[in-house]
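Participant: Below you'll find the structure I mean.
Protein chains: 2
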Amino acid sequence: MIEEKGSLASQSTYFSTYSATQTLHQLAQQPFHLTGHLTPERIAHYYAEACGLRLLYATEQVNEEILQVLFQLAIESQAISKMAWMQKGEIVNFIEGESSEHRPALHTATRDFFKHPQSSSKAKEAALLAKQQIDRLQSFMAKIDLEDRFHEIVLIGIGGSDLGPRAHYQALRHLQKPHRHVHFISNLDPDEAAQVLKQVQLDKALIVVASKSGTTLETLANEAFVRERFLKGGLKPHEHFISITMPGTPLDDSDRFFTTFYVWDWIGGRFSTTSMMGGLLLSFAYGFEVYWELLRGANAMDKVALIEGQQNLPLLAALLSIWNHDFLHYPTFALIPYVQALFRYPAHIQQVEMESNGKLITQQGQFVDFETSPIVWGEPGTNAQHSFFQLLHQGTTPVSVLMIGFKESQYQEDVQMEGTSSQEKLLANLFAQSLALALGQSSEEKNRFFPGNRPTSILLGQQLTPYTLGALLAFFEHRTAFQGFIWGINSFDQEGVQLGKKLATKLLQCFTEQKEERPTSYSLGEAFLKHLNQVKTPLDPL
Amino acid sequence: MIEEKGSLASQSTYFSTYSATQTLHQLAQQPFHLTGHLTPERIAHYYAEACGLRLLYATEQVNEEILQVLFQLAIESQAISKMAWMQKGEIVNFIEGESSEHRPALHTATRDFFKHPQSSSKAKEAALLAKQQIDRLQSFMAKIDLEDRFHEIVLIGIGGSDLGPRAHYQALRHLQKPHRHVHFISNLDPDEAAQVLKQVQLDKALIVVASKSGTTLETLANEAFVRERFLKGGLKPHEHFISITMPGTPLDDSDRFFTTFYVWDWIGGRFSTTSMMGGLLLSFAYGFEVYWELLRGANAMDKVALIEGQQNLPLLAALLSIWNHDFLHYPTFALIPYVQALFRYPAHIQQVEMESNGKLITQQGQFVDFETSPIVWGEPGTNAQHSFFQLLHQGTTPVSVLMIGFKESQYQEDVQMEGTSSQEKLLANLFAQSLALALGQSSEEKNRFFPGNRPTSILLGQQLTPYTLGALLAFFEHRTAFQGFIWGINSFDQEGVQLGKKLATKLLQCFTEQKEERPTSYSLGEAFLKHLNQVKTPLDPL
């Protein structure tokens, strides 16, 4: 499957010097113009399909020549080799010459249990560890079902321990088992925990404390908050609290938790949905078999990511994204699911893409002279049509858009109005928006003029099932990884979050010093705290 | 209060030709550099306060000179006069020489019931109409309380009939009355209605169908969906369904609704939260007095928007936004509330700003040669710190940020850990992020290098109360209106949504034609429908 050879480190060329990059900059002077050139034949022709997901990209500003050079870019950057290395368990999380995490990124091993698994010893070992946890989970869930002791689950986690699991939980609500309620506590804001606990019957609740490092401030504070409630209620936390963490962390503690499920340092937080982070929640809410189907779908897309050519859906999507961002200079990327169940998917993809690729340096430790991750944002359609689509059509900062739609609804409950169902109306709107953005409209009246030529892709499927959701998950993970591989950056660390943490510690010290009436040790922090002490309950100003 | 005079139309100068604009372009060559120049004195000095909200902007790239020219820009563009005209009920929603809506934008009249109301006949008349509805609402709620017939409310609406009401409802959950449950159905996706109705006890439900025009496709489809459920359940819709609409629309129909509350064409959807659109929901969930307090806070900020100088908080915020977007060229604006209760506020502000100001032409009907609305996006902190903050710190597309924080939590329930409460940790993180983005960090190791000099503002208050929430609402409404006034565009129409609607109708026709085996009338639409018929339930690809 893989033909390229050679070391991935110490490259003498990089993104800006590739010959494909030079050619693409030239081609970008006159990209394919959608307005006036969008034909039914083009719509029929420009698509790729895998795992039941079809990517329609006739409404992107590309033609055969541009596509060909984009795929040359993938070859020059050894994109598929790097993907293969990643899935084999080679060290892809590193920066040459800098102290860095120096690890594999083996999230694909958390679902490598189906046909043709990876044969490298590292990937096999990782999959074995992951499978042991899955087997433990299956027994654990069978016991819960039998005992019927827990009707509620509260997932305490933040970042990757929250966004991915939550988005994927929300996506399958139609499969909810009876008497199973799911809650999330993530924010440091104590009002979130207070609000959530108003709705939880504690004696029936399984509390899951999830932090890979076992030291996440928010998660430990929220654990303490909830633990206090249990004690106040005369309940024994040890009978309700479990954890998900790496072996040996402060959360791997049998004094506090009646059991602990494991993840490892080769699973990045934002790539951890198919690990126990998502597995526990999905199995509790929908049953273990739903989680297993999700894994099956994700694994199928993992295989697709190793294929050469346009049927490699995540690679194609990554190349289109790079075309839009680095060459056509769209600063943002909007993800618009025409699927209400995916309403939290943009927030998940925001983390997957922006935390992975919001980087300043290459893996060779050089500052980049090109654009890395765009800003990722979005809301579901058709809702968004009644909100920010005005700007998409007539604003001065055009946006590249990916829409997601499914032929059939999940509940299969619908209403007919004026001869069509709501599902049909939903899809009509999806296609219409893609056409409107591409075609624009000339008009004598300037307020009814639409410039058009604004790019979209559409990801289309039959129905949002657990399998399809798994494929979607891996599609976006690999779309992000491919962009990182092509740019030659490290998509798997997050050094950019450290400075804020360091300063927050200094600020917290100011709070403590102030309470103890000691002199404050950080004058910039103190200046902010003064404002805090000056704000007052408002009086009517007039 | 207002000193400028003269017609607001037919100006010979506009944004690009103002002398302040020229000067600002020069100043933007060397904006204030935060890294290395942020002092405690600067943090103490750069703030403005109104209605209990304090805007800290020491961490914006401005100095006294830049601020002075920004306020000159406000004078040249007659920003405050235009705000006064708007609040008086003059016609501000127009495009010269084009057929356009030609209306006032009198959302401020929906809360002009306190000290020093507007004295113009148009504003007085509007406020009188609005007050009649409020009095009706108060009686209606008293009756509901007395009869105890409704325990649930389902708001069916989309866009402004959904985002604003929902964001403001979510913001005050700590005040929830017992036995009152709130649900929303907005999306055309029939799965949303199906999912929501699983949780609603229909015989105890008040169904509110909200559409200003009375013709919104999504809302009518969802009304039909819910109505069918009532009939199937042997319940009488007429005893449960009410509407909010303009007088005389298809929703103003006593055959379908047991009562109807009114809005008018001088309230834009995205500015309608203080009308019955938000009033009904907030009064049902929290009590009429909470809604009234919200109005009081919004009205107080309306008055502030008429003040000359830096204490005009929304004007100051608008000028800072224009500085960041038009002169420093940050393409996006992120709203990060360090308040979980405001988790849907970014979605609301997205509509308020992007639908209002995502425009291509001036009010004189000329294409703009400057940037109008930035892309608005965001998620709550501290959650976002564990998601996309990596990019904010080390990405190649810097973002201008507004953070919101409150000294005290709403529930006043908290936990101490290592000497500080969660609320203190939350605020420490807020300030720390602002500092980290401004200061950056030099480092020998390039992956630990932070460029810094990235701008933020902080909006700080004592506590998120109904009054403060009202002030916040009007702050953002006027921040948006001021930007529009300064750019000289029409912030009150939304012609950009029409083309998509028109093409959706053509696409829907293809669906119908296909079902009736007639030839399709729109070949581009037909091409998409073919794809829809080709997608299949996935088979394992390998």
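So the protein lines, in turn, are chains D and R.
According to my numbering, the first sequence is numbered sequentially starting from 1.
According to my numbering, the second sequence is numbered sequentially starting from 1001.
The beta-carbon is built from N, C-alpha and C at its ideal position, and this holds for glycine as well.
1) Take residue 328 of chain D and list the residues in its own chain whose beta-carbon comes closer than 7 Å to its own, dropping the five residues that flank it on each side.
2) Is the Cβ-Cβ distance between residue 1209 of chain R and residue 385 of chain D less than 9 Å?
3) With a 10 Å radius around its C-beta and 16 neighbouring C-beta atoms as the bar for buried, classify residue 1533 of chain R as buried or exposed.
4) What does residue 124 of chain D touch in chain R if you count any residue whose Cβ is under 7 Å from its own?
5) Measure the beta-carbon distance from residue 323 of chain D to residue 70 of chain D and round it to whole angstroms, keeping in mind my assumption that it falls under 8 Å.
6) In the DSSP assignment, find the beta strand (DSSP E) that holds residue 86 of chain D and state where it starts and stops.
7) How would you list, in chain order, the residues of chain R whose beta-carbon sits under 7 Å from the beta-carbon of residue 372 of chain D?
8) As a quick exercise: from R:1117, R:1107 and R:1163, pick the residue whose alpha carbon is nearest that of residue 1351 of chain R.
9) Can you name the residues of chain D whose CB is closer than 9 Å to the CB of residue 1271 of chain R?
10) Would you list the residues sitting across from residue 1535 of chain R in a DSSP beta bridge?
11) Assuming residue 1405 of chain R is part of the beta strand (DSSP E), what are its boundary residues?
12) When you compare each of D:293, D:459 and D:361 to residue 407 of chain D by their alpha carbons, which one comes out closest?
13) So, is the C-beta of residue 1025 of chain R closer than 9 Å to a C-beta in chain D?
14) Determine contact between the region 373-392 of chain D and the region 196-211 of chain D, defined as no fewer than three beta-carbon pairs at a distance below 8 Å.
15) Quick check on residue 1511 of chain R - is its C-beta less than 9 Å from some C-beta in chain D?
16) Between residue 1512 of chain R and residue 337 of chain D, what straight-line distance do the alpha-carbon atoms span, to the nearest angstrom?
17) Where do the N-terminal and C-terminal ends of the beta strand (DSSP E) with residue 54 of chain D fall, by residue?
18) Considering only the beta carbon of each residue, do residue 1298 of chain R and residue 1111 of chain R sit closer than 9 Å?
19) Using 10 angstroms around the beta-carbon of residue 1420 of chain R, count the other beta-carbons present and answer buried if the total reaches 16, otherwise exposed.
20) For a contact meaning CB atoms closer than 8 Å, what does residue 497 of chain D contact in chain R?
21) Is it true that the CB of residue 86 of chain D sits closer than 9 Å to the CB of residue 284 of chain D?
22) Would you list the one or two residues that DSSP bridges to residue 210 of chain D?
23) Would you kindly report the start and end of the unbroken beta strand (DSSP E) that includes residue 263 of chain D?
24) Quick check on residue 1322 of chain R - is its C-beta less than 9 Å from some C-beta in chain D?
25) Near residue 541 of chain D, what residues of its chain come up, given a Cβ to Cβ distance below 6 Å and the 5 sequence neighbours on each side ignored?
26) Answer yes if the region 260-275 of chain D comes into contact with the region 432-451 of chain D, meaning at least three C-beta pairs across the two stretches below 8 Å, and no otherwise.
27) Are residue 1478 of chain R and residue 1314 of chain R touching if we call contact CB-CB under 9 Å?
28) Which residues share a DSSP beta bridge with residue 1450 of chain R?
29) In this structure, does DSSP put residue 40 of chain D in helix, strand or coil?
30) In this structure, how does DSSP classify residue 138 of chain D when only helix, strand and coil are distinguished?
31) Give the single residue among R:1502, R:1064, R:1517 and R:1466 whose Cα lies nearest to the Cα of residue 1291 of chain R.
32) Please confirm whether any heavy atom of the ligand NAD lies closer than 8 Å to the CB of residue 1422 of chain R.
33) Roughly how many angstroms lie between the CA atoms of residue 1097 of chain R and residue 308 of chain D, to the nearest whole one?
34) Looking at the strands, I want to know which residues DSSP matches up with residue 1334 of chain R.
35) At the level of alpha carbons, what is the spacing between residue 301 of chain D and residue 472 of chain D?
36) What residue range is occupied by the uninterrupted beta strand (DSSP E) comprising residue 153 of chain D?
Facilitator: Walking through what the data contain:
1) 28, 31 and 61
2) no
3) exposed
4) The premise fails here: residue 124 of chain D is roughly 18 Å from chain R at the closest Cβ pair, so nothing lies under 7 Å.
5) 6 Å
6) No beta strand (DSSP E) holds residue 86 of chain D; the alpha helix (DSSP H) holding it covers 79-88.
7) Under the 7 Å cutoff, chain R gives 1395 and 1396.
8) R:1163
9) Within chain D, no residue comes near residue 1271 of chain R; the closest Cβ sits about 13 Å away, beyond 9 Å.
10) Answer is none; residue 1535 of chain R lacks a bridge partner.
11) 1400-1406
12) D:459
13) no
14) no
15) yes
16) 24 Å
17) 53-56
18) Yes, they are a contact pair.
19) Classification for residue 1420 of chain R: buried.
20) 1385, 1386, 1389, 1390 and 1393
21) no
22) D:244
23) That residue, residue 263 of chain D, is in no beta strand (DSSP E); it is neither H nor E in DSSP.
24) Taking Cβ atoms only, chain D never reaches closer than 9 Å to residue 1322 of chain R, which makes this a no.
25) Here residue 541 of chain D scores only 46 on pLDDT, less than 50, and its place in the model should not be relied on; the value that follows carries that caveat. Around residue 541 of chain D: no qualifying Cβ.
26) no
27) yes
28) Beta-bridge pairing links residue 1450 of chain R to R:1441.
29) helix
30) DSSP places residue 138 of chain D in helix when its eight states are reduced to three.
31) R:1466
32) Ligands are entirely absent from the displayed structure, and the ligand NAD is therefore not among its contents.
33) 56 Å
34) R:1377 and R:1401
35) 8 Å
36) 152-156
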